[in-house]
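Oh and the sequence shown: position 35 is 34 in numbering that gives the first Met the number 0, straight run, nothing missing. Virtual Cβ for every residue (Gly too), placed ideally from N, Cα, C. Worksheet for the structure shown next.
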Amino acid sequence: MHDAAALLRLHLDQVFDRFETQVLPNHPVHELQLDLGGHAIRIRSAGGPLHASFSPALAHLVSQTRPGGSLTLDLVAWDEATTGIPFPSAPWSLPSLTPGTRLTSPPDSRGFRLAGATPADGIHLFDPDSRRAAWLLPDARHLPNVHHGLPLLTTFKWWAPTVGLRLLHAGCVGLADRAALLVGTGGSGKSTTSLLCALAGLDFLSDDICLLKPASPPIALSLYNSGKLHRDHLQRFPDLASRAVDPEPAPGEKPVVFIHHHFPERVVLHRPVRVLLAPRVSGKPETTLEPIAPGEALRALAPSTFVQLSPDDASTFRDLASLVRQVPSFRVHLGTRTDEIPPIIRGLLKSLE
């Protein structure tokens, strides 16, 4: 397996060499310098559609000056169809790519990572030792909407543990110096609640994916400024519906709203987590809060985080368990009078002074 890892790293060397010697001199290259919780990240990409697919969701992280210190993630990406430059031949025979394909060397470790969902999604490569990554994409012109709302999620999922961060399936909104994590499975109301709160003037960090820095108190970090809307929910958000981006309308795809583009003052980069909220659609008119035990909060947070983001080490669960022990948790029974939801959450956050 160590020989396999050496081959994978050799392939990544070849990818970077081709980018530097063929892509960079012959095509416009877009470079993003990001500061994510003090971690310097560089993303270089060739192919206009590719850059346009991920830059809006990450725009709030762009550093106006080159981040100090060494890079903790250096990623290159290019679109073969747009540039006409083929990817280096892989030194192995890949299995047929199907949704969920994951290869790790050595297996079950934090070694070199390779992933492919479908041929249209391309190949993701990541080496935790050198903190280098690549996204090799056949054609970026028809990427699913999820790639616009949650770009490079596979790479960030692998990178986060290498710098002591956890990727959570959770929304996050805040007020002043405190934030509430919104946890639960898909359809529980995280996105709706997060977007309602953003429209009402609360701080916005996430609608369903954010980063956690284990600490006392824990710190939530914003990764994406995007909000996703179900098509049948657009009428609930007339202020957002007119701003929604729908690059590739298809069944099951959600239009995306980039909060930073339209409401930059409401997007914040980090906040201490002071409370966990587990929303649930009640069907009743009023919205109510109910305290819940740490175990119930963990059951709302952990399964969806593990299923959606596939963490692969026991320390992730320990950090989630520590989180629910440190802060109070409430069930939010979401009522049909949706204008009442943000004031209730605002009032709860104020009470935590």
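Per DSSP, the unbroken beta strand (DSSP E) holding L135 starts and ends at 131-136.
A straight line joining the alpha-carbon of P302 with that of N25 spans about 46 Å.
Secondary structure note for P290: its beta strand (DSSP E) is the uninterrupted segment 287-291. For F86, the three-state secondary structure derived from DSSP is coil.
Under the DSSP assignment, G173 falls in the beta strand (DSSP E) whose first and last residues are 169-174. For A243, there is no enclosing alpha helix (DSSP H), as DSSP gives it neither H nor E.
Beta bridge pairing from DSSP links C209 with L167. Rounded to the nearest whole angstrom, the C-alpha separation of R8 and D126 is 7 Å. For R41, same chain residues with a beta-carbon under 8 Å away, outside a window of 5 residues either side, are E30, L31, Q32, L33, L70, L72, D73, L74 in chain order.
Here F15 carries a helix assignment [DSSP, helix/strand/coil].
Looking at the backbone, the Cα of R298 and that of V326 are separated by about 15 Å. Relative to A214, the option among D138, R330, R273 whose CA is nearest is R273. With contacts defined by Cβ atoms closer than 8 Å, H232 and T192 do not form a contacting pair.
With respect to the 8 Å criterion, V22 and T82 are classified as neighbours on the basis of their beta carbons.
Around the beta carbon of V172, a 10 Å sphere encloses 16 or more other beta carbons of the protein chains shown; the residue is thus reported as buried. A direct Cα-to-Cα measurement between D176 and P278 gives close to 22 Å. For K253, the secondary structure class from DSSP, reduced to helix, strand or coil, is coil.
Where R273 is concerned, the enclosing beta strand (DSSP E) starts and stops at 269-280.
Residue burial annotation: L351 is exposed, with fewer than 16 other C-beta atoms found within 10 angstroms of its C-beta. Residue environment for A249: exposed (fewer than 16 other C-beta atoms within 10 angstroms of its C-beta). Pairing F257 with P237, the inter-Cα distance amounts to about 15 Å. Straight across, the Cα-Cα distance linking A199 with D16 is about 48 Å. Sorting H123, R230, A76, L60 by C-alpha distance to the C-alpha of P48 places A76 at the top.
Only residues of its own chain outside the window of five on either side were considered, and among them A179, L181, F329, V331 have a CB closer than 6 Å to the CB of L276, listed in chain order. Secondary structure note for F329: its beta strand (DSSP E) is the uninterrupted segment 328-333. Residue nearest to V14 within the set A58, S62, S88, F53 is S88 (criterion: CA-CA distance). The C-alpha of P160 is placed about 36 Å away from the C-alpha of S281. For E352, the three-state secondary structure derived from DSSP is coil. The residue from P137, Q234, H146, L151 with its alpha-carbon nearest to that of T337 is Q234. Exclusion of the five residues before and after E285 leaves G334 as the residues of its chain whose Cβ lies within less than 6 Å of its Cβ. The alpha carbon of L135 has as its nearest neighbour, out of A320, P85, L152, the alpha carbon of P85.
Cβ atoms of R265 and A197 come within 8 Å of each other, at about 5 Å. Close CB contacts of V323 within its chain, under the 6 Å cut and outside five residues either way in sequence, are with P293, A296, L297 (chain order). With contacts defined by Cβ atoms closer than 8 Å, K212 and L164 form a contacting pair. In the structure shown, L6 falls within a helical segment according to DSSP collapsed to helix, strand and coil. In chain order, P271, V272, R273, Q325, V326 place their CB closer than 8 Å to the CB of P216, counting only its own chain and leaving out the 5 sequence neighbours on each side.
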